[in-house]
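Beneath this line is the structure, given in structure tokens, with notes to follow.
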Amino acid sequence: MALLRIVAPLASLFFFSVFSLAQVSAPSCSSPIYQWTYNSLAQSPCTVLANLMATCDAGKYTIPPLTTPGSMYSGPDVEAGANLCYCSTVGYSLFSACGACQGQEWITWSEWVTNCATTLPPSSFPNPVPSRIFVPQWALLDVTNENDWNPNESFSVGDTPEAGPGSPIGPSSAPSSAPSSAPSSASTTPTSINPSSTGSPTPHPGGSGSNAGAIAGGIIGGVAVITTVVSAIFYLRRRPQAPSAVYAGVGASQPQQLHLDEITPPSLFGSPRTTRFYDPNDRTTFPGYQGSPQSPKNKSSQPRISPYIGIKSTLGNTQTSLPQTSGSGYRGLPTV
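Residue numbers (mature numbering (1 follows the signal peptide of the UniProt record, and there is no 0)): -22 to -1, 1 to 314.
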């Protein structure tokens, strides 16, 4: 009899718990990168959410799965269905994590509460945690500042400490802030530094003198180099220039000097003329020069004389040969 009195309440509690859990339906999580959203009992955020939402819906609640790529939970559709379980940051965070663990998206906090007449304070939930459910610590974060559920911050906060069965959920149970993943040395608090521990070199008394000597040596060396360069330029400019080509206008392929005896064969009658160098400013040194002809009145009607002997120049329809030699000019046979 005594044993029956003990077993009966336990059996009632067991069947009540099974019954209460059987009234909810939650989708399965398929994304392995959100395994960290599970609580210490390996319950997914969808399972925890369905049991919390059932406390506002007579102990039963069904969460539809997200099967369309890019789909998300859009919050309460009408104001009549926007109860306080929906209009809480805890419900929003768990709905967002439930969509993320299915490989889908989530909306912002302001979009979520569009149809809410009122919202609970951040990190609060209207009812205590139901039996056999543990709410992870990251679900209690205040999302109103960022207006979004932040997976990185939630991951940093982690699962524990959890809100267990029968525990109220309020701001006092929420984490004050997400722990920083940066090392403690990155704190913004200024830290004094001992100059002796920085490893900086101690100033040497003779350092300034060494620098002055190096500067003076550099100046002297620079002056010496400049003097050498100026002297070389002056020397090159003072050197005698090579004689320019005689036929500068004819082209580089013409000889620089032209001797009349190089193109005039030895005279067969009488003594050869004295060799004279070609001078472009002296008409008498031109090849084929036959004396000083009278200045013509019309220069345009006169034929041009080629500088080379034995070459005829044709201008227009007039063909003119070189004038005949006279006086002491060349009397030999014509050369080819």
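C-beta: ideal position from N, C-alpha, C; glycine also.
Since the model is a prediction, treat every value here as computed from it, not as a measurement.
**Request:** Take the Cβ of P23 as the centre, count every other Cβ of all protein chains shown within 10 Å, and call the residue buried at 16 or more, exposed below.
**Result:** Counted from its first residue, the sequence shown places residue 23 at position 45. The Cβ neighbour count for P23, taken over all protein chains shown within 10 Å, is at least 16; the residue is labelled buried.
**Item:** CA nearest to the CA of P146, picked from V2, Y213, A4 and P108
**Value:** Along the sequence shown, one-based indexing puts residue 146 at 168. For P146, the nearest C-alpha among the options comes from P108.
**Message:** Among the candidates T205, G148 and E131, whose CA atom is the shortest distance from the CA of P106?
**Reply:** Locating residue 106 in the sequence shown gives position 128, where the first residue counts as 1. P106 has its Cα closest to that of G148, out of T205, G148 and E131.
**Prompt:** Is DSSP giving S209 helix, strand or coil here?
**Reply:** As a working mapping, residue 209 is identified with position 231 in the sequence shown. S209: helix per DSSP, three-state reduction.
**Request:** For S3, name the three-state secondary structure that DSSP assigns.
**Result:** For this step, residue 3 is matched to residue 25 along the sequence shown. DSSP places S3 in strand when its eight states are reduced to three.
**Message:** Less than 8 Å between C-beta atoms, sequence neighbours within five positions excluded: which residues of the same chain meet that for F112?
**Reply:** Position 134 of the sequence shown, counted from the start, is the residue given in the question as residue 112. Within the same chain, Cβ atoms closer than 8 Å to the Cβ of F112 are found at N17, S18, L19, Q21, V26, E140, A141, G142 and P143, the five residues on either side in sequence being excluded.
**Asked** Where does P114 land, buried or exposed, given buried means 16+ other C-beta within 10 angstroms?
**Response** Counting from one through the sequence shown, the residue named residue 114 turns up at place 136. Of the residues assessed, P114 falls on the buried side of the cut-off, its CB having 16 or more other CB atoms within 10 angstroms.
**Asked** Can you give the Cα-Cα distance for F103 and M31, rounded to whole angstroms?
**Response** Taking the sequence shown and counting its residues from 1, one reaches residue 103 at position 125. Taking the sequence shown and counting its residues from 1, one reaches residue 31 at position 53. In this structure, the CA atom of F103 is about 10 Å from the CA atom of M31.
**Request:** Take the Cβ of T15 as the centre, count every other Cβ of all protein chains shown within 10 Å, and call the residue buried at 16 or more, exposed below.
**Result:** Taking the first residue of the sequence shown as position 1, residue 15 is located at position 37. With 16 or more Cβ atoms within 10 Å of its Cβ, T15 is classed as buried.
**Item:** Separation of A78 from Y12, as counted between CA atoms
**Value:** The residue you call residue 12 lines up with position 34 of the sequence shown. The residue you call residue 78 lines up with position 100 of the sequence shown. Answer to the nearest angstrom: the Cα atoms are 7 Å apart.
**Prompt:** Nearest CA to the CA of N130: which residue from G53, W87 and A75?
**Reply:** Residue 130 sits at position 152 when you count from the first residue of the sequence shown. Residue A75 holds the alpha-carbon nearest to the alpha-carbon of N130 among G53, W87 and A75.
**Request:** Could you check what DSSP says for A95 in three-state terms: helix, strand or coil?
**Result:** By one-based count along the sequence shown, residue 95 stands at place 117. In this structure, A95 counts as coil in the three-state DSSP scheme.
**Request:** Count the other CB atoms, across all protein chains shown, that sit within 10 Å of the CB of A194; report buried if there are 16 or more and exposed otherwise.
**Result:** Your numbering for residue 194 matches position 216 in the sequence shown. Within 10 angstroms of the beta-carbon of A194 lie fewer than 16 other beta-carbons, which makes it exposed.
**Asked** Who pairs with V203 in a beta bridge, going by DSSP?
**Response** Within the sequence shown, the letter at position 225 stands for residue 203. Beta-bridge partners of V203 (DSSP): none assigned.
**Item:** Beta-carbon separation (whole angstroms), C63 vs T33, contact threshold 8 Å
**Value:** Walking along the sequence shown from the start, residue 63 turns up at place 85. Walking along the sequence shown from the start, residue 33 turns up at place 55. C63 to T33, Cβ: 7 Å. Contact.
**Asked** Straight-line CA distance for G81 to T122?
**Response** On the sequence shown, position 103 is the one that residue 81 refers to. On the sequence shown, position 144 is the one that residue 122 refers to. Taking the Cα positions, G81 is about 24 Å away from T122.
**Request:** Just tell me which of S3, W127 and P43 has its CA closest to the CA of W84.
**Result:** By one-based count along the sequence shown, residue 84 stands at place 106. For the set S3, W127 and P43, the Cα lying nearest the Cα of W84 is the one of W127.
**Prompt:** Under the three-state reduction of DSSP, which class applies to V56: helix, strand or coil?
**Reply:** By one-based count along the sequence shown, residue 56 stands at place 78. Note: V56 maps to coil in three-state DSSP.
**Item:** Proximal residues to K38 (C-beta, below 7 Å), its chain only, five neighbours per side dropped
**Value:** Walking along the sequence shown from the start, residue 38 turns up at place 60. Same-chain partners within the cutoff: Q1, V2 and A32.
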